[in-house]
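What follows is a single structure, written as structure tokens, with notes after it.
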Amino acid sequence: AQSVTQPDIHITVSEGASLELRCNYSYGATPYLFWYVQSPGQGLQLLLKYFSGDTLVQGIKGFEAEFKRSQSSFNLRKPSVHWSDAAEYFCAVGAQAGTALIFGKGTTLSVSS
Amino acid sequence: KAGVTQTPRYLIKTRGQQVTLSCSPISGHRSVSWYQQTPGQGLQFLFEYFSETQRNKGNFPGRFSGRQFSNSRSEMNVSTLELGDSALYLCASSDLGDNYGYTFGSGTRLTVV
Chain A
24 AQSVTQPDIH ITVSEGASLE LRCNYSYGAT PYLFWYVQSP GQGLQLLLKY
74 FSGDTLVQGI KGFEAEFKRS QSSFNLRKPS VHWSDAAEYF CAVGAQAGTA
124 LIFGKGTTLS VSS
Chain B
5 KAGVTQTPRY LIKTRGQQVT LSCSPISGHR SVSWYQQTPG QGLQFLFEYF
55 SETQRNKGNF PGRFSGRQFS NSRSEMNVST LELGDSALYL CASSDLGDNY
105 GYTFGSGTRL TVV
């Protein structure tokens, strides 16, 4: 079955500390992988995406993610978290363009001062 | 470039009524997808339209329907509303080109009472 697992429901990180959000997927076809962020009451903003090529992808707001096919993972990282990064983060997987995205349940990030 | 516009932002309806939500995609984007977001089920795919044709449909009852117009604007309709239809409904558009990725609107918050 196709699925996305985000093992951490809630993470708290100190401002300035590094961050890693985990994402594991199960998908039969070649995956297109995405990370989105959602602030309360808002829609989803695309942070970064991976289709092929270099397995380390850079996104907006200083985020990066690494695709590891052998581990079926696509973890999101940021070297230094800012208070404005507090939000909910969603990992998603899809097939070719136009098909449904399958989302994980999300990870809520809190940033402490 | 204007983003994805969803109207209305908030809606309160009574059980048994029907509702129509609207989505205007980014100019030039011909693919429009709809997602339902609830605390319990997370983000679930409803359907996807491309050039006025529904290409993919999620696992939702027939009460959920949609359409796309020649200008790529899309509407979704929910008939005979149930309390469980209360959710944030998100629309996403894509150009499906090499740089494809879905851009989401801010959503319509539907409350069924």
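In order, the protein sequence lines correspond to chains A and B.
Residues in the first sequence are numbered consecutively from 24, following our numbering.
Residues in the second sequence are numbered consecutively from 5, following our numbering.
Each residue gets a CB set at the ideal place from its N, CA and C atoms; glycine is no exception.
Neighbour flag for residue i against chain B, beta carbons, 8 Å
| i | result |
| --- | --- |
| Leu129(A) | Residue identity check: residue 129(A) is Gly in the sequence provided, not Leu. Chain B, which has a Cβ nearer than 8 Å to the Cβ of Gly129(A), makes this yes. |
| Gly66(A) | yes |
| Thr28(A) | no |
| Lys72(A) | yes |
| Leu69(A) | yes |
| Ala123(A) | yes |
Pair within 8 Å by beta-carbon distance, residue i and residue j
| i | j | result |
| --- | --- | --- |
| Ser90(B) | Thr115(B) | yes |
| Asn60(B) | Ala123(A) | yes |
| Ser110(B) | Gln48(B) | no |
Residue i, buried or exposed, once every other Cβ within 10 Å from all chains shown has been counted against 16
| i | result |
| --- | --- |
| Gln94(A) | exposed |
| Lys84(A) | exposed |
| Trp160(A) | The structure shown does not extend to residue 160(A), since chain A is modelled only from 24 to 136, so the question has no answer here. |
| Thr112(B) | buried |
Minimum Cβ-Cβ distance from residue i to chain A less than 8 Å
| i | result |
| --- | --- |
| Thr11(B) | no |
| Thr18(B) | no |
| Thr107(B) | yes |
| Ser110(B) | yes |
**Request:** Can you give me, in chain order, the residues of the region 80-94 of chain B that have a beta carbon less than 9 Å from any beta carbon in chain A?
**Result:** Within the region 80-94 of chain B, the qualifying residues are Leu92, Leu94.
**Segments of 3+ residues assigned as beta strand (DSSP E) that fall wholly inside the region 62-95 of chain A** = Fully enclosed beta strand (DSSP E) runs of no fewer than 3 residues occupy 67-73, 79-81, 87-91 of the region 62-95 of chain A, in order along the chain.
**Message:** What are the residues in the region 46-73 of chain B lying within 7 Å of chain A by C-beta distance?
**Reply:** Under the 7 Å Cβ criterion, the region 46-73 of chain B contributes Gly46, Leu47, Phe49, Glu52, Phe54, Arg59, Asn60, Gly62.
**Asked** What beta strand (DSSP E) runs, 3 residues minimum, are completely inside the region 50-95 of chain B?
**Response** Fully enclosed beta strand (DSSP E) runs of no fewer than 3 residues occupy 57-61, 68-72, 78-82 of the region 50-95 of chain B, in order along the chain.
**Message:** Along the region 23-34 of chain B, where does the CB come closer than 7 Å to a CB of chain A? Name the residues.
**Reply:** Correct list: empty, as no residue qualifies.
**Request:** Could you run through the region 104-115 of chain A and flag, in chain order, every residue whose CB is less than 9 Å away from some CB of chain B?
**Result:** Shown in chain order are the members of the region 104-115 of chain A whose Cβ falls below 9 Å from a Cβ of chain B: Phe113, Ala115.
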